[in-house]
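Visitor: Let me give you the structure first, and then I'll get to my questions.
In the numbering used here, the protein residues as written are 2 to 408.
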């Protein structure tokens, strides 16, 4: 017999799990499926940091608090940061952002993705939301007014509304025939955690090198501030050389690229190399279908904004669906789902364009552009009002925010 749900969410990563929790009091029959086991691992505070981390904004923190997941995240391991230092490695321009400029305690928190995921999974296991682990999607097709999903093990699921939250290589998006605009950045990102001889001072550091941006994101363990998560965006050829280097050579190269801002780089965890590609769905919705998070858009990891956009997607879509339920509307109606698209697509496109322009400007070699970016950084550094506006935007204090994210 086919399993049925009112809303079927494919992908129980951070964004899909957040959407499921945001709908838990809606009265809808929610089914969340994932190819993984959906189990919560015991947390070991002495274990190495996970290589994948997110820079959670204050808006994302508010969403996670209201979903009941932040407490579980915080008791594991979070690293708040209050300042951000950005500078041009090819010039003298630099800029400093501070939470104190808007009377806030933190600009955000650096959190391992696994920690966020487990905090959300704990709340899911405490809820009445249907969870379907080890479920790999094989086929997807329309069947009357519903979607019929066939899993790799032969099980079949039916729902009038399917939400794709299954990441950048979304199977739902592919099987449903959704079109995307995408291009290769011609860069790879090397991701790992490193220990430095100097404290990171609860500051996110970012240097723009000739090859690409290099970020040192602060991590905290047992009150110590000597570990950072790094994201080093560089050319494929340089990335290949760095991945092939032994630890001693890699640490020296990293220290040079970072200009020794945090002293010597003493040790590093195993490295992960990720090709960088930008992707954006031409539409976020269709009849009975919605894309959220990386299934809808992936951006350069320049400012760690990807998951923050995804959490806002989830919160807005949940708000749209709950309001439609209260009005007695059909949730699968494209007119209903388009309300979500109208609210999220302009914001996502604007941030993607800003990150793209920023990244291209700092990779530009012509002398006039180098002069422009150095001068621009120096000018903005002397404009506290402009910097405070940027900080308020990053904190999620402005803009069209869903109820779950509002201060």
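Each residue gets a CB set at the ideal place from its N, CA and C atoms; glycine is no exception.
Expressed to the nearest angstrom, what Euclidean distance is found between the alpha-carbon atoms of residue 84 and residue 328?
Guide: 44 Å
Visitor: Can you name, in chain order, every residue of its own chain whose Cβ lies under 6 Å from the Cβ of residue 61, other than the five neighbours on each side?
Guide: 309, 312
Visitor: Please go through the stretch 240 to 312 and give each complete beta strand (DSSP E) segment of 3 or more residues, from N-terminal end onward.
Guide: 266 to 269, 273 to 282, 290 to 292
Visitor: Given this structure, state the Cα-to-Cα distance separating residue 105 from residue 47, to the nearest angstrom.
Guide: 30 Å
Visitor: Please go through the same chain and pick out, in chain order, the residues whose beta-carbon is closer than 6 Å to the beta-carbon of residue 97, but skip the five residues on each side of it.
Guide: 86
Visitor: By how many angstroms is the C-alpha of residue 396 removed from the C-alpha of residue 165?
Guide: When rounded, the distance between both Cα atoms is 27 Å.
Visitor: Could you name the residues of the same chain whose beta carbon sits closer than 7 Å to that of residue 319, not counting the 5 residues immediately before and after it, in chain order?
Guide: Non-local beta-carbon contacts of residue 319 in its own chain, meaning distances under 7 Å to residues more than five positions away in sequence, involve 20, 23, 24 in chain order.
Visitor: Among the residues of its own chain, which have a CB less than 6 Å from the CB of residue 332, if the five just before and after it don't count?
Guide: The residues 162, 322, 325, in chain order, have a CB closer than 6 Å to that of residue 332 in the same chain once the five nearest residues on each side in sequence are set aside.
Visitor: Where does the unbroken beta strand (DSSP E) through residue 175 begin, and where does it stop?
Guide: Segment 172 to 177 is the alpha helix (DSSP H) holding residue 175; no beta strand (DSSP E) there.
Visitor: Within its chain, find whatever has a CB closer than 6 Å to the CB of residue 273; leave out the 5 residues flanking it on each side and keep chain order.
Guide: 52, 192
Visitor: Sort 181, 238, 147, 187 by Cα distance to residue 295 and report the nearest one.
Guide: 181
Visitor: Does residue 194 pass the burial test, meaning 16 or more other C-beta atoms within 10 Å, or should it be called exposed?
Guide: By the beta-carbon neighbour count (other beta carbons within 10 angstroms, threshold 16), residue 194 is buried.
Visitor: Is the beta carbon of residue 288 less than 8 Å from the beta carbon of residue 335?
Guide: With contacts defined by Cβ atoms closer than 8 Å, residue 288 and residue 335 form a contacting pair.
Visitor: What three-state label does DSSP hand residue 190 in the structure shown?
Guide: strand
Visitor: Look up residue 118 in the DSSP assignment and say whether it is helix, strand or coil.
Guide: helix
Visitor: Give the secondary structure of residue 318 by DSSP, where H, G and I count as helix, E and B as strand, and everything else as coil.
Guide: helix
Visitor: Check residue 162 in the structure and name its three-state DSSP category.
Guide: strand
Visitor: Taking buried to mean at least 16 other C-beta atoms within 10 Å of its own C-beta, is residue 26 buried or exposed?
Guide: exposed
Visitor: Excluding five sequence neighbours on each side, which residues of the same chain lie with their C-beta closer than 8 Å to the C-beta of residue 248?
Guide: 268, 269
Visitor: Specify whether the stretch 127 to 134 and the stretch 27 to 45 touch according to this definition: at least 3 beta carbon pairs, one from each stretch, less than 8 Å apart.
Guide: yes
Visitor: DSSP on residue 225, reduced to helix/strand/coil?
Guide: strand
Visitor: Helix, strand or coil: how does DSSP classify residue 126 here?
Guide: In the three-state scheme derived from DSSP, where H, G and I count as helix and E and B as strand, residue 126 is classed as helix.
Visitor: Does the structure place the stretch 213 to 223 close enough to the stretch 116 to 123 that three or more beta carbon pairs sit under 8 Å?
Guide: no
Visitor: Tell me whether residue 167 is buried or exposed, calling it buried when 16 or more other Cβ atoms sit within 10 Å of its Cβ.
Guide: If you draw a 10 Å sphere on the C-beta of residue 167, you find 16 or more other C-beta atoms in it, and that means buried.
Visitor: What do you get for residue 170, buried or exposed, if any count of 16 or more other CB atoms within 10 angstroms of its CB means buried?
Guide: exposed
Visitor: Can you pull the DSSP bridge partners for residue 339?
Guide: Residue 339 is not bridged to any residue.
Visitor: Just reading off the beta strand (DSSP E) that residue 208 is part of, what are its end residues?
Guide: Annotation for residue 208: the continuous beta strand (DSSP E) segment containing it runs 204 to 209.
Visitor: Label residue 127 either buried or exposed according to how many other C-beta atoms from any shown protein chain fall within 10 Å of its C-beta, with 16 as the threshold for buried.
Guide: Within a 10 Å sphere around the beta-carbon of residue 127 sit fewer than 16 other beta-carbons, which makes this residue exposed.
Visitor: To the nearest angstrom, report how far apart residue 141 and residue 31 are at their CA atoms.
Guide: 18 Å
Visitor: Helix, strand or coil, according to DSSP, for residue 25 in the structure here?
Guide: Coil.
Visitor: Check whether the Cβ atoms of residue 116 and residue 63 sit closer than 8 Å, and answer yes or no.
Guide: no
Visitor: For residue 41 and residue 114, what's the separation of their Cα atoms in angstroms?
Guide: 13 Å
Visitor: Please state if the CB of residue 279 and the CB of residue 148 are separated by a distance shorter than 8 Å.
Guide: no
Visitor: Assuming residue 402 contacts residue 67 under a Cβ cut-off of 8 Å, what Cβ separation, rounded to an integer in Å, is found between them?
Guide: Cβ-Cβ separation between residue 402 and residue 67: approximately 12 Å, too far for a contact (criterion under 8 Å).
Visitor: Excluding the 5 residues flanking residue 70 on each side, which residues of the same chain have their C-beta closer than 6 Å to its C-beta?
Guide: 120, 121, 124
Visitor: If you reduce the DSSP assignment to three classes, tell me which class residue 410 lands in.
Guide: An answer regarding residue 410 cannot be provided, because it is not within the stretch 2 to 408 covered by the chain.
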